[in-house]
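Numbering (my numbering), first residue to last: 1 to 438.
Here the structure is laid out as structure tokens; the discussion comes afterwards.
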């Protein structure tokens, strides 16, 4: 496919250069590549099958003229070990494509990157961006739609859930490098033989384990992120498909009542806790199950003599829990044309190859985004990665340009008031909606 893409782009180089000096054209319409429905949980289905089945892209061996030598400017903000691994991938790319060179640079934060970019102190062809930076680039028209560079067959090779956070206005603006951040159910194998598949089963398991300083369930009670899976199960979400805040009062009230009932001081199964106390109680064997983030997988794996298991969040009367998922994305500068466009597309195809993504999974535990990688035995035969990937694919994101922190902050104080008995679920739901309207 790369060879074919090179031939296509060489043919279009003159046209692209001409268009670069004019008002950018309206990109051709393309099918919406992100899902409109949340996949139904199915513990017997492989992760990639939970996303809509579409053909995968393969490279073509068609001969193509050698493009001119070119250097592309690529920016990342990765932790040191991941940055070193990316540098290795860059070296491998330059070996495969000696006509293309990569100037790899590091930035410290999204704010620093945008400040330098706005001041004209920074130039980029590609940047690996978290949602806030990608949203700022989109809002300031400094990112190109991927349909200008890749055919639908290539974009369809990525799981739909991983594309959702980079979608806006029926276009994709970022290529997903990895997606995660979601919540999962962790359980103590010494106390729980098999994890619950429904919240009703979870309560049944937790109730006899809740007594004398022991708890059946642990939650980061005051953080709205822990409320979101149940909001989705009740038919609501943070935004509508256009990115506008859409906290449906009825769904929000139902989710709050559900959540508050677990914390009831007389018949509840979970204490009101902070994140630190939740994690510590689980490690000490004082809590049978906790809902924690995927980052806890690597952290708990380092704890000796602690036998724990991992499961997807239980459903609510057949409706799947929908944890928030976030990703990081490769974004292309809209000024990239000609041979630089060839270099950029070749680089992105290289770094997102399934085998390369799986190497990152093996080294860092990061989930891949390519369907082929998600369906690989490395994922499907691993008891932790299989569950992790399946839960990610059942999660939900928000459209590009939405500030998730703003939405969560609108929910934070009313949630605390409801947990502390100062508001009813109905009052808290109204307060959350009112905060969003400020």
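Glycine is no exception: its CB is placed at the ideal position from the N, C-alpha and C atoms.
CB contact flag (residue i, residue j, <7 Å)
i, j, result
"residue 139", "residue 338", "no"
"residue 216", "residue 288", "yes"
"residue 137", "residue 348", "no"
"residue 249", "residue 433", "yes"
"residue 183", "residue 293", "yes"
"residue 125", "residue 72", "yes"
"residue 232", "residue 396", "yes"
"residue 425", "residue 256", "yes"
"residue 399", "residue 235", "no"
"residue 360", "residue 128", "no"
"residue 74", "residue 104", "yes"
"residue 218", "residue 281", "yes"
"residue 351", "residue 186", "no"
"residue 209", "residue 196", "no"
"residue 440", "residue 271", "The shown model of the chain, from 1 to 438, leaves out residue 440, and the question about it has no answer."
"residue 100", "residue 343", "yes"
"residue 419", "residue 178", "no"
Start-to-end residues for the beta strand (DSSP E) that takes in residue i
i, result
"residue 101", "100–106"
"residue 187", "183–188"
"residue 289", "287–293"
"residue 177", "175–180"
"residue 311", "308–311"
"residue 326", "326–332"
With 16 other Cβ atoms within 10 Å as the buried cut-off, status of residue i
i, result
"residue 303", "exposed"
"residue 253", "buried"
"residue 188", "buried"
"residue 363", "exposed"
"residue 482", "An answer regarding residue 482 cannot be provided, because it is not within the stretch 1 to 438 covered by the chain."
"residue 109", "exposed"
"residue 79", "exposed"
"residue 211", "exposed"
"residue 115", "exposed"
"residue 220", "buried"
"residue 77", "buried"
"residue 156", "buried"
"residue 69", "exposed"
"residue 165", "buried"
"residue 61", "Because residue 61 sits at a pLDDT of 38, beneath the cut-off of 50, its placement in the model cannot be relied upon, and the following sentence gives the value as read from the coordinates. Classification of residue 61: exposed, given that the 10 Å Cβ count is below 16."
"residue 81", "exposed"
"residue 120", "exposed"
"residue 264", "exposed"
Residue i, enclosing alpha helix (DSSP H) - first and last residue
i, result
"residue 132", "131–139"
"residue 75", "Counting along the chain, residue 75 falls outside any alpha helix (DSSP H), though it belongs to the beta strand (DSSP E) covering 70–76."
"residue 90", "80–96"
"residue 360", "354–364"
"residue 416", "404–419"
"residue 382", "First-last for residue 382: undefined, no H or E at that position."
"residue 256", "249–262"
"residue 275", "275–283"
"residue 231", "228–233"
"residue 217", "Run containing residue 217: none in the alpha helix (DSSP H); it sits in the beta strand (DSSP E), 215–218."
"residue 268", "No alpha helix (DSSP H) contains residue 268, which DSSP labels as neither H nor E."
"residue 335", "Taken as a continuous stretch (DSSP letters only), residue 335 belongs to no alpha helix (DSSP H), as it is neither H nor E."
"residue 154", "152–155"
Sequence-distant residues of its chain with Cβ nearer than 7 Å to residue i (five each side left out)
i, result
"residue 412", "224"
"residue 384", "297 and 310"
"residue 319", "233"
"residue 107", "75, 77 and 113"
"residue 194", "none"
"residue 283", "303 and 306"
"residue 429", "249, 252, 253 and 256"
Cutoff 6 Å; reference residue i; Cβ partners in own chain excluding five residues on either side
i, result
"residue 28", "Its pLDDT being 31, under 50, residue 28 is placed unreliably by the model, and the measurement read from it follows with that caveat. If we look at residue 28 and ignore the five residues flanking it on each side, it has no Cβ neighbours."
"residue 144", "332 and 334"
"residue 354", "370, 372 and 373"
"residue 199", "314 and 316"
"residue 378", "358"
"residue 268", "262"
Cβ-based neighbour list, residue i, same chain, cut-off 8 Å, excluding 5 preceding and 5 following
i, result
"residue 227", "255, 256, 259, 411 and 415"
"residue 17", "Residue placement at residue 17 cannot be trusted, given a pLDDT of 34 that sits under 50; what the coordinates show is reported in the next sentence. So the list reads 337 and 338, once near-sequence residues are dropped."
"residue 96", "350"
"residue 404", "131, 238, 324, 326 and 398"
"residue 423", "414, 417 and 431"
"residue 387", "184, 310, 311 and 312"
Residue i CB to nearest heavy atom of the ligand NAD below 6 Å
i, result
"residue 145", "Of ligands this structure carries none, so the ligand NAD is not represented either."
C-beta neighbour in chain B for residue i, strict 7 Å
i, result
"residue 419", "Looking for chain B here will not work: only one protein chain is present."
* Check whether the stretch 389–397 touches the stretch 316–333, counting contact only when three or more Cβ pairs, one atom from each stretch, lie closer than 8 Å. => yes
* Asked: Contact between the stretch 403–412 and the stretch 302–318: three or more CB pairs below 8 Å?
  -> no
* Check whether the stretch 366–373 touches the stretch 84–95, taking contact to mean three or more Cβ pairs, one atom from each stretch, closer than 8 Å. => no
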